C-alpha cells in the first residue's frame, strides 16, 4: 500500500505516461466516472422508472468481474452488462470490461483492466481526473479515503462523494495485476434503501477464486 504522504517530485509520473500532469495509464478507470455521473444525474433515473429489466439476478448467481475475481450479486438487480460464471461466449472471454447492475434508481458499476500500481494510486488518479474534468455542478468528495476489505480478504480504499442530486461511493482494488474500480451512485433515498445490498455485493468480491486457495 502506498504511503499517505502527499506525492512529491520523487514520485512523479514518468514523462512518457504523463498528460497535463496526470497518469494516462489510469484514464480508462477515471474518465467513465464523469460519464456515469452525467448519465445517471439526468437520463438513467427516468429510464429506470420506465423499463422492467428482464435479466434479473437470482440467488446463486456469481458474476465474473475479472479473470480471477468474482462477485455475488444480490437477487433482483437488473444485469445490464457483465458475465455470470455460467455464461459462455464465442470469444472465450471469462469477464467483461464493465459489469453494470441497477435497481430502483441505484447504479452499481464495476470496471476492470490491467494495472500495476497501488489501490491508493488508482483512487488518487480517479479523483484527480474527475476534479479536472467535472464542471461546477459536478460531484465533490465527502470525507477522506478509508481502507476497506472484502470477505475474501481483498483490501482496497473507498471514498464517498455527492452532487446536487445524488450521493455515491467509489472503491479501488488491485487484485494481482488487475485494477478494479467500483462505483455506486443514486439519489439519497434510493441509496439508503439499497445500502444493505450494496455493502453485501462489495463484500462479496472474491480474489483469488475459491478453487485457487
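Residue numbers (our numbering): 21 to 233. Glycine included, every Cβ here is placed at the ideal spot set by N, Cα and C. As the structure is a computational prediction, the values presented were derived from the model and not from experiment.
| Query | Result |
| --- | --- |
| In angstroms, rounded to a whole number, what distance separates the CA positions of residue 152 and residue 160? | Interpretation of residue 152 is limited by its pLDDT of 45, a score under 50 that renders its predicted location unreliable; no figure is taken from the coordinates. |
| If you drop the 5 nearest sequence neighbours on each side, which residues of the same chain put their C-beta closer than 7 Å to that of residue 237? | Here the chain comprises residues numbered 21 to 233, so residue 237 is not present and cannot be evaluated. |
| Roughly how many angstroms lie between the CA atoms of residue 132 and residue 199, to the nearest whole one? | 6 Å |
| Just to confirm the assignment, what range does the alpha helix (DSSP H) spanning residue 208 have? | 208–213 |
| Does the segment 114–122 come close enough to the segment 93–105 to have 3 or more Cβ pairs within less than 8 Å? | yes |
| Do residue 192 and residue 142 count as a contact pair if the criterion is CB distance below 9 Å? | yes |
| Going by other Cβ atoms of all chains shown within 10 Å of its Cβ, with 16 needed for buried, is residue 163 buried or exposed? | exposed |
| Helix, strand or coil: which one does DSSP assign to residue 190? | strand |
| Residue 177 and residue 139 look like a contact to me (Cβ under 8 Å); what is the Cβ gap, rounded to whole Å? | 5 Å |
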